[in-house]
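Trainee: First the structure, which I've put down as structure tokens, then a few questions once you've had a look.
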Amino acid sequence: MTRLGIIADDFTGATDIASFLVQNGLSTIQFNGVPSQHDALTAQAIVISLKSRSCPAQQAVAQSLDALRWLQEQGCDRFYFKYCSTFDSTEQGNIGPVTDALLAALGETQTVISPALPVNGRTVYLGHLFVGEQLLSDSGMRHHPVTPMTDSNLLRLMERQAGGKAGLIAAPLLDQGAQAVRDRLSQLKEQGVNYVVLDTLHEQHLLTQGEALREMRLVTGGSGLAIGLARQWAAADSDRAAAENAGRPQGARAVVISGSCSQMTNLQVSAYRQQAPSHEVEVTRCLDNPDAYARELCDWVAGHSDQPLAPLLYATADAQQLQAIQRDYGAQRSSEAVEQLFAAVTRELKARGWQRFIVAGGETSGVVAQSLGVTAFHIGPTISAGVPWVRDIHQPLSLTLKSGNFGDEHFFRRAQTEFAYD
């Protein structure tokens with residue numbers, strides 16, 4: 001049996017790809033960081049989430065190689081370096097340096113670059129990455145505070161970051177099928193091309209890629225490529241329901257925690273506030289006496305848990321509010337204060353018997369998972385594209401961990417009403 005090992009450069013991105021693997025028939029376990037233990041694992045895919053997207057390149061390489069070694073020890077024979085569908089990186093990395101390091105460690109000279117996720121509007125045409133109808137460089141990612149994306153050409157981006165040569169397989173050749181793609185990969189390899197950018201306009205292109213890349217030892221991309229690969233590698237008797245079963249949500253008491261300030265999360269919070277009890281987190285009180293404030297918020301959650309929908313704690317703010325908070329308290333100081341508060345709230349609610357946590361925001365998700373002591377979990381049913389329920393393999397805890405812009409307007413409600421709980 002082929003066992004797939006995935007190295008993801010952030011937490012929610014790891015959960016994103018894991019959900020696509022499960023949806024397409026591969027049983028999957030995700031680890032938060034490189035594990036120290038060696039559990040007996042039966043899953044067909046193992047995902048390790050790192051925090052390597054924007055750290056120094058040398059550190060990202062070291063973490064990724066540690067993850068690769070551990071996955072090899074678990075019997076993985078195919079590998080997938082997962083990054084964001086908007087190719088978040090600087091001219092120095094970290095996508096290029098990590099790709100080079102993984103290729104060298106595996107003794108390989110060629111891989112593919114496939115960040116596309118058409119279901120979420122991420123497509124590649126003639127090597128250029130699009131967000132909806134905009135080039136990446138014209139989208140909001142142009143102004144990202146950490147990894148501003150001012151170029152949409154994936155070939156140029158890779159050659160600036162990495163040490164090798166980039167090439168392209170364009171959409172017309174993808175339309176000719178998997179054998180045409182395999183033949184072109186071989187030709188490009190003979191020409192010394194190390195990174196082959198794959199055009200992707202729709203899901204059929206992802207399925208063609210999966211078939212063509214079945215035997216490639218290392219692929220790189222966003223979560224979309226996992227659709228095609230999972231369908232190739234799933235056992236003949238695998239099915240979505242069986243793969244999802246181990247991660248089915250459990251627990252009677254739930255809470256919704258939102259720390260993202262993305263446009264979609266603002267819409268989700270606004271919609272949910274009309275349906276369920278909600279409480280806005282005050283930054284001033286996070287700074288003044290966080291422990292007392294955390295206990296007060298937990299008391300509020302407990303007092304509003306007899307409603308049909310779980311109570312919501314949110315630090316979500318629109319752009320104008322966020323600017324005012326950062327001006328008054330400092331961006332880093334206010335962000336860290338809110339994260340520490342959510343950590344304290346999460347620990348206290350767990351001690352009081354809460355078992356289901358619905359979380360919005362990449363950083364917030366990482367804080368909640370760490371505070372709960374969640375180090376590994378089964379991937380369960382998908383709520384929205386890239387966002388599943390997950391179930392801790394050691395504790396009676398279930399979580400859904402949502403990147404800021406993922407999900408539809410009614411995500412928080414649907415996470416609670418569309419699934420049966422153990």
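So for the sequence shown, the UniProt record's numbering puts the first residue at 1; every next one is plus one. Glycine included, every Cβ here is placed at the ideal spot set by N, Cα and C.
1) Establish whether the CB of R414 and some CB of chain B are separated by less than 8 Å.
2) What number of angstroms, rounded off, separates the C-alpha of A162 from the C-alpha of P290?
3) Can you give me the start and stop residues for the alpha helix (DSSP H) that A234 sits inside?
4) Which residues bound the beta strand (DSSP E) around K402?
5) Output yes or no for whether 8 Å exceeds the beta carbon distance between L41 and S64.
6) My output table needs one value for K82: the three-state DSSP class, helix, strand or coil.
7) Secondary structure at A415, three-state DSSP: helix, strand or coil?
8) At what residues does the alpha helix (DSSP H) containing L21 begin and finish?
9) When burial is assigned at 16 or more other CB atoms within 10 Å of the CB, is T109 buried or exposed?
10) Grouping DSSP H, G and I as helix and E and B as strand, with all else coil, what is E280?
11) Taking N266 as part of the alpha helix (DSSP H), name the residues at either end of that continuous run.
12) Would you call the CB atoms of R231 and L213 closer than 8 Å?
13) Quick test of the definition: if touching needs 3 or more C-beta pairs under 8 Å, does the stretch 344-363 touch the stretch 282-301?
14) Considering only C-alpha positions, which residue in the set F79, L117 and R122 is nearest to L103?
15) Since H378 sits in a beta bridge, which residues does DSSP pair it with?
16) To the nearest angstrom, how far is the alpha carbon of A18 from that of A43?
17) Using only the alpha-carbon positions, how far apart do G222 and Q321 sit?
18) With DSSP as the reference, label Q332 as helix, strand or coil.
19) Classify F342 as helix, strand or coil using the three-state DSSP reduction.
20) According to DSSP, which residues form a beta bridge with F406?
21) Below 8 Å, can you find three or more Cβ-Cβ pairs linking the stretch 67-81 to the stretch 175-182?
22) If you pair each beta-carbon of the stretch 398-407 with each one of the stretch 11-25, do three or more pairs fall below 8 Å?
23) Classify Q37: buried if its beta carbon has 16 or more other beta carbons within 10 angstroms, exposed otherwise.
24) Between which two residues does the beta strand (DSSP E) containing residue 423 stretch?
25) Start and end of the alpha helix (DSSP H) containing T208?
26) Ends of the beta strand (DSSP E) at residue 458?
27) Alpha carbon to alpha carbon, how far is G362 from F11? Give it in angstroms, no decimals.
28) At a cut-off of 7 Å, would you count F20 as near the ligand ZN, judging by its Cβ distance to the nearest heavy atom?
29) What's the call for V283, buried or exposed, on a 16-neighbour Cβ count within 10 Å?
30) Could you tell me whether the Cβ atoms of T86 and M158 are closer together than 8 Å?
31) Nearest-angstrom Cα distance between T200 and L126?
32) As an exercise, report each continuous beta strand (DSSP E) stretch of at least 3 residues that is fully enclosed by the stretch 149-198, in chain order.
33) If you reduce the DSSP assignment to three classes, tell me which class V98 lands in.
34) So, using beta-carbon positions, are I393 and I29 closer together than 8 Å?
35) For the alpha helix (DSSP H) that A360 lies in, which residues bound it at each end?
36) Considering only the alpha carbon of each residue, which of Q58, L117, L136 and G132 lies closest to A101?
Mentor: Taking the coordinates as given:
1) Absent from the structure is chain B; it holds one protein chain and no more.
2) Looking up residue 162 in the sequence shown gives position 162. Looking up residue 290 in the sequence shown gives position 290. Computed Cα separation, rounded: 44 Å.
3) Here the question's residue 234 lines up with position 234 in the sequence shown. A234 -> no alpha helix (DSSP H), and no H or E assigned at all.
4) If you number the sequence shown from 1, residue 402 lands on position 402. Residues S398 to K402.
5) As a first step, residue 41 must be located in the sequence shown, where it is residue number 41. As a first step, residue 64 must be located in the sequence shown, where it is residue number 64. The answer is no: Cβ separation not under 8 Å.
6) Within the sequence shown, numbered from 1, the residue matching residue 82 stands at position 82. Of the three classes helix, strand and coil, the one that applies to K82 here is strand, per DSSP.
7) The residue labelled residue 415 in the question sits at position 415 within the sequence shown. Note: A415 maps to helix in three-state DSSP.
8) Within the sequence shown, numbered from 1, the residue matching residue 21 stands at position 21. Where L21 is concerned, the enclosing alpha helix (DSSP H) stretches over F11 to Q23.
9) By one-based count along the sequence shown, residue 109 stands at place 109. Classification for T109: exposed.
10) Looking up residue 280 in the sequence shown gives position 280. E280: strand per DSSP, three-state reduction.
11) Here residue 266 refers to the residue found at position 266 of the sequence shown. Element bounds for N266: Q263 to R273.
12) Along the sequence shown, one-based indexing puts residue 231 at 231. Along the sequence shown, one-based indexing puts residue 213 at 213. No. Outside cutoff.
13) yes
14) Within the sequence shown, the letter at position 103 stands for residue 103. Out of F79, L117 and R122, F79 has the C-alpha closest to the C-alpha of L103.
15) Position 378 of the sequence shown, counted from the start, is the residue given in the question as residue 378. Its beta-bridge partners are I29 and R391.
16) Here residue 18 refers to the residue found at position 18 of the sequence shown. Here residue 43 refers to the residue found at position 43 of the sequence shown. Using only the alpha carbons, I get a separation of about 12 Å.
17) What you label residue 222 is simply residue 222 of the sequence shown in a count that begins at 1. What you label residue 321 is simply residue 321 of the sequence shown in a count that begins at 1. Using only the alpha carbons, I get a separation of about 32 Å.
18) The residue labelled residue 332 in the question sits at position 332 within the sequence shown. The answer is helix: DSSP assigns Q332 an H, G or I state.
19) For the purposes of this step, residue 342 is taken as residue 342 along the sequence shown, with counting starting at 1. Of the three classes helix, strand and coil, the one that applies to F342 here is helix, per DSSP.
20) As a first step, residue 406 is located in the sequence shown; it is residue number 406 there, counting from the start. According to DSSP, F406 bridges with nothing at all.
21) no
22) yes
23) One-based indexing of the sequence shown puts residue 37 at position 37. Exposed is the call here.
24) Nothing can be reported for residue 423, as the shown portion of the chain is limited to 1 through 422.
25) Residue mapping note: residue 208 aligns to position 208 of the sequence shown, counting from 1. From DSSP, the alpha helix (DSSP H) with T208 extends over E203 to A212.
26) This structure gives no information on residue 458, because the portion of the chain shown stretches from 1 to 422.
27) Taking the sequence shown and counting its residues from 1, the one referred to as residue 11 is at position 11. Taking the sequence shown and counting its residues from 1, the one referred to as residue 362 is at position 362. So the two alpha carbons sit approximately 7 Å from each other.
28) Questions concerning the ligand ZN fall outside what the structure shown contains, since it holds no ligand whatsoever.
29) Sequence index remark: in the sequence shown, residue 283 carries index 283 (1-based). So V283 counts as buried.
30) Indexing the sequence shown from 1 puts residue 86 at position 86. Indexing the sequence shown from 1 puts residue 158 at position 158. No, the Cβ-Cβ distance between T86 and M158 is not below 8 Å.
31) Taking the first residue of the sequence shown as 1, we reach residue 200 at position 200. Taking the first residue of the sequence shown as 1, we reach residue 126 at position 126. For T200 and L126, the distance between alpha carbons rounds to 9 Å.
32) 166-169 and 195-198
33) Your numbering for residue 98 matches position 98 in the sequence shown. Here V98 sits in helix by DSSP.
34) Here residue 393 refers to the residue found at position 393 of the sequence shown. Here residue 29 refers to the residue found at position 29 of the sequence shown. Yes; because the gap between Cβ atoms is below 8 Å, this pair is in contact.
35) Counted from its first residue, the sequence shown places residue 360 at position 360. Segment R356 to A360 is the beta strand (DSSP E) holding A360; no alpha helix (DSSP H) there.
36) Here the question's residue 101 lines up with position 101 in the sequence shown. Among Q58, L117, L136 and G132, the Cα nearest to that of A101 is on Q58.
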